[in-house]
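Worksheet: one structure, shown below.
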Amino acid sequence: MTSYTERYVAAVTRTVPPAARRDVGAELSASITDQVEARIADGESLRSAERAVLVELGDPLVLASRFTDRPLWVVGPRLYASWVRLLRALLWIILPLTAAGMALGQLLAGASIGATAGGTAVGVLQTGVHIVFWTTLVFFVLERAGATESVGASWEPEQLPQAPEDSGSVGELVGSLVASALFAGAIVWDRFLGWNGEGLCVFASSLWPWWMSALFVALALSAAIEVLVFRRRGWTIPTALGYAVVQLAVTTAALVLLGQGMLLDAALVASFDAVAPSVRTVLGVLLAGGIAGVGIASVVTPLGRAITARARPS
104 MTSYTERYVA
114 AVTRTVPPAA
124 RRDVGAELSA
134 SITDQVEARI
144 ADGESLRSAE
154 RAVLVELGDP
164 LVLASRFTDR
174 PLWVVGPRLY
184 ASWVRLLRAL
194 LWIILPLTAA
204 GMALGQLLAG
214 ASIGATAGGT
224 AVGVLQTGVH
234 IVFWTTLVFF
244 VLERAGATES
254 VGASWEPEQL
264 PQAPEDSGSV
274 GELVGSLVAS
284 ALFAGAIVWD
294 RFLGWNGEGL
304 CVFASSLWPW
314 WMSALFVALA
324 LSAAIEVLVF
334 RRRGWTIPTA
344 LGYAVVQLAV
354 TTAALVLLGQ
364 GMLLDAALVA
374 SFDAVAPSVR
384 TVLGVLLAGG
394 IAGVGIASVV
404 TPLGRAITAR
414 ARPS
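In the numbering used here, the protein residues as written are 104 to 417.
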């Protein structure tokens, strides 16, 4: 073999598992030799024939991926549509909420309009980068773990679920997990960094470590149940009840702490002292209603899906 062929074979086998490296190298060398000899028989020179064969074979990294069945993309075609839909939904939902929350927090802290706009823009950009990165990372892991086989590879009509509400998609599962991770990260950020550059926190520091530890456990339990539901392709009465217990515990604890004045940081509450009492009352009612509404929706939705799936004939 000439140096080009040797270098090409070495480049291909470099990324092949050691156990198969010798066989792949021998097979590839023999194939190149056969093709080169065929071209020489047609009148080409050795160097011209060798170069033409290697050009036809293409990039050695691409050829190596065919031997190892190792994808060369971050998110492949079977998960790409779910990835795009989920990413678009997360960005449209989370970024406006982030912008509104950060702007409100900085204005309440007395920041100028320019500082508020700049801080909000930076915060939104950082949040967007995190959403894109972590969502893509989850899909990257799913791609390498072979999850494509359960979400569209060799699709057949028999794979259709009985109804859309029976089981969540990969996008729904990943969206829920990413949202939980972002919420947990925001809680840690709130405790150790604050939101206005001077350590203003939303949650009371007295909630650490026990109350917040319990919240993290609840988030982990919720995520575990959601993964179980995805693997079983739908909500059942036991999983829905387990999820409801976790959500009710979190919602009840949050409402009790809010009613006792233990949920929000004292400095944050003090920043509303200049607001009229009636306005403070309305804000408190809205906050309590929001917490209760989210909790009720988190309980009712899974239970409704489980009951519907159970009542539907198989």
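Think of the CB as a built atom: it goes at the ideal place given N, C-alpha and C, for glycine as much as any other residue.
By the criterion of at least three beta-carbon pairs nearer than 8 Å, the region 286-295 is not in contact with the region 336-345. The region 232-246 makes contact with the region 183-196: 3 or more CB pairs, one atom from each, lie closer than 8 Å. Selection VAL349, ALA282 and VAL397 evaluated against THR201 yields ALA282 as nearest (Cα-Cα). About 6 Å separates the CB atoms of GLU329 and LEU276; that is less than 8 Å, so the two are in contact. If you draw a straight line from the Cα of LEU228 to the Cα of ASP293, it comes to about 18 Å. Distances from the alpha-carbon of LEU280 to those of VAL332, ARG154 and LEU303 put VAL332 closest.
Below 8 Å, enough C-beta pairs join the region 307-320 and the region 354-370 to call them touching: three or more. By the neighbour-count definition (other C-beta atoms within 10 Å, threshold 16), THR238 is a buried residue. By the criterion of a C-beta distance shorter than 8 Å, GLY226 is surrounded in its chain by THR201, ALA202 and MET205, once the five residues flanking it on both sides are discounted. DSSP places GLN138 in the uninterrupted alpha helix (DSSP H) bounded by 121-144. THR116 places its beta carbon less than 7 Å from that of ARG124. Annotated as proximal: GLN350 and GLY398, with beta-carbon spacing under 7 Å.
Per DSSP, the beta-bridge partners of LEU367 are PHE306.
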